[in-house]
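A short write-up of the structure that comes next.
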Amino acid sequence: MSPSAFQIHVPSTTANLGPGFDILGIALSLGIDLTFEFEEGSNYALLDEKGSPLPIPADKNLISRAYLTVLERAGVRPLEWKASIRTDLLPGRGFGSSASALVAGVLAANQRLNQLGKNAWPLEKQVALLCEMEGHPDNVIPARVGGWVCALPSGGYTIRKLPEGFRILVLVPAHQQSTRESRGKLPDHYRLKDCVNNMLGLAGWFDYLERGNKEGLRMALQGDALHEPYRTPSIPEFQELRKLGLESGCLGTCLSGSGPGIAIFFEEDDVSKEALERISKKAAALNYQSQLCEVDYRGAVAHRVTEQKR
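Using numbering that gives the first Met the number 0, the final residue of the sequence shown is 309, and nothing's skipped along the way.
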């Protein structure tokens, strides 16, 4: 392996979190791992773990797009690379795969700047570009910085830490759905009372963070009026899984991002291992894979292959 090789880890995300449409997101302890090697003529090839090319057209390669954008704005000649990818979650399921790819590209560009002795982009500049390119700060900001994030389109954000025992059971369907397709289901205008309802839901999240109010969060996670009522009719199993989660003592169930993936939130002391197994068994019968995860508080990280991870 080239002495200039480096690795990047980017967490997957779950966004919206019920009432936090386009605002709230959480970085997950699942994600993508990439190993980059700079090599002229490699044409930004993306490879699987076995070294076989992935069928991703050049114009769909978000990693190279972000990489080239940073270097162009920095006035630096890009050097081509190839990258092998290992991922915990398949793309197109609602767990921020596009955001993860853009974050990886920005960090790869910073590695190139470091190698040339140039000033790497500071975090705030990275986040501003990522929001510009992704358009969904609730995914891309937690993917970069980690934690529970309240994000603004301008790139501003607040990071909070969840209770120690907070866990997420992600349900990953066999089928995928594009964000554009899912966005097309939303109305052009909303009723005032629905917007107020979601503002109350946001207050439920912050009250849980401040005082541990679980009942308030349970109500908030069931009360979204801006996106789930329009998206979940095409996911008939959603309500069944939500009901089972509440009966099992979970805090709540919501679509992950625009779907079709599902996120179930709970505190580990409140839900038995047997209850989680029942949920996973029901999900499997509905053609979903279950993965238990925690919140990732590191965010995206990069390091030389010869270095030890920090």
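Cβ atoms here follow ideal geometry from the backbone N, Cα and C, with glycine treated the same way.
Of the choices the options, whose alpha-carbon is the least far from that of residue i?
i: R210; options: L170, K160, V294, S177; result: K160
i: G260; options: A282, V270, E267, L275; result: A282
i: A301; options: E36, L106, P136, P18; result: L106
i: L89; options: D58, D32, E133, R64; result: D32
i: Q176; options: T86, I234, M198; result: I234
i: G74; options: G93, K59, I84, A108; result: A108
i: G155; options: R303, P162, D193, H135; result: H135
i: A262; options: V294, E273, S271, D269; result: V294
i: R182; options: I158, R166, A57, E227; result: E227
i: L115; options: L53, R76, E180, S51; result: R76
i: R72; options: G50, D58, W120; result: W120
i: G91; options: P152, R64, N118, T178; result: T178
i: G19; options: H188, S271, M198, D58; result: M198
Do residue j and residue i come within 8 Å of each other at the CB atom, strictly closer than that value?
i: G30; j: H8; result: yes
i: G95; j: G251; result: no
i: G200; j: A26; result: no
i: E79; j: S41; result: yes
i: H278; j: G248; result: The sequence shown places Ile at residue 278, rather than the His named in the question. Against a cut-off of 8 Å, the Cβ pair of G248 and I278 comes out as no contact.
i: A103; j: I55; result: no
i: E39; j: G164; result: no
i: G222; j: N196; result: yes
i: L112; j: K81; result: no
i: E123; j: S83; result: no
i: A224; j: D269; result: no
i: G17; j: A219; result: yes
i: Y229; j: P162; result: no
i: F264; j: I167; result: yes
Skipping 5 residues on each side, what residues in its chain have a beta carbon closer than 8 Å to that of residue i?
i: T357; result: Shown here, the chain extends from 0 to 309; a query on residue 357 therefore has no answer.
i: N212; result: G203, D206
i: Q307; result: Here Q307 scores only 46 on pLDDT, less than 50, and its place in the model is too uncertain to base an answer on.
i: D87; result: S11, L29, G30, I31, Q290
i: V304; result: M0, A4, F5, Q6, T34
i: R217; result: L245, L250, G251
i: P52; result: A44, L45, L46
i: Y296; result: A26, G145, G146, K160
i: K117; result: A73, V75
i: Y189; result: A224, L225
i: R64; result: L101, G104, M132
i: A57; result: N42, Y43, S63
Kindly list the residues whose CB is nearer than 6 Å to the CB of residue i, restricted to its own chain and excluding five residues on each side of it in sequence; keep chain order.
i: S1; result: E36
i: D21; result: D137
i: L285; result: E236
i: R241; result: T252
i: R309; result: Low confidence applies here, because R309 scores a pLDDT of 37, under 50, leaving its location unreliable; read the following figure in that light. Answer for R309: no residue qualifies.
i: L208; result: R159
i: R85; result: D32, E48
i: K272; result: none
i: Q125; result: V105
I'd like the list of long-range same chain contacts for residue i, defined as Cβ closer than 7 Å, with 5 residues on each side in sequence excluded.
i: A274; result: S247, G248
i: N60; result: Y43, L45
i: K184; result: Y229, R230
i: P152; result: C130, P136
Please give the ranges of any alpha helix (DSSP H) in the stretch 205-268, keeping only runs that are unbroken, at least 4 residues long and fully inside the region. Counting only runs of 4 or more residues that sit fully inside the stretch 205-268, the alpha helix (DSSP H) segments are 213-221, 227-230, 236-246, in chain order.
Three or more C-beta pairs under 8 Å: does that hold for the stretch 138-149 against the stretch 61-71? As far as the Cβ criterion goes, the stretch 138-149 does not touch the stretch 61-71, which means the pair count is below three.
Between the stretch 162-172 and the stretch 288-295, can you find at least three pairs of beta-carbon atoms closer than 8 Å? With a cut-off of 8 Å, the stretch 162-172 and the stretch 288-295 count as touching, because enough Cβ pairs lie within range.
What runs of the beta strand (DSSP E), each 3 residues or longer, lie entirely inside the stretch 45-118? Within the stretch 45-118, the complete beta strand (DSSP E) segments at least 3 residues long are 80-86, listed from N- to C-terminus.
Contact between the stretch 98-115 and the stretch 128-145 (3+ Cβ pairs under 8 Å): A contact exists between the stretch 98-115 and the stretch 128-145.
Is the stretch 11-18 touching the stretch 131-141 in the sense that three or more CB pairs, one from each, lie closer than 8 Å? Yes, the stretch 131-141 touches the stretch 11-18.
Residue ranges of each beta strand (DSSP E) within the stretch 164-193, 3 or longer: With a minimum length of 3 residues, the continuous beta strand (DSSP E) runs that stay inside the stretch 164-193 are 165-172.
Quick one: which unbroken beta strand (DSSP E) runs of 3-plus residues sit fully inside the stretch 122-159? Chain order, please. Whole beta strand (DSSP E) segments, 3+ residues: 147-150, 156-159.
What are the uninterrupted segments assigned as beta strand (DSSP E) that are 3 or more residues long and contained completely in the stretch 268-301, given in chain order? Listed in chain order, they are 287-292.
Those runs of the beta strand (DSSP E) which lie wholly inside the stretch 2-32 and span at least 3 residues: The DSSP assignment places 5-14 as complete runs of the beta strand (DSSP E) inside the stretch 2-32, in order along the chain (cut-off: 3 residues).
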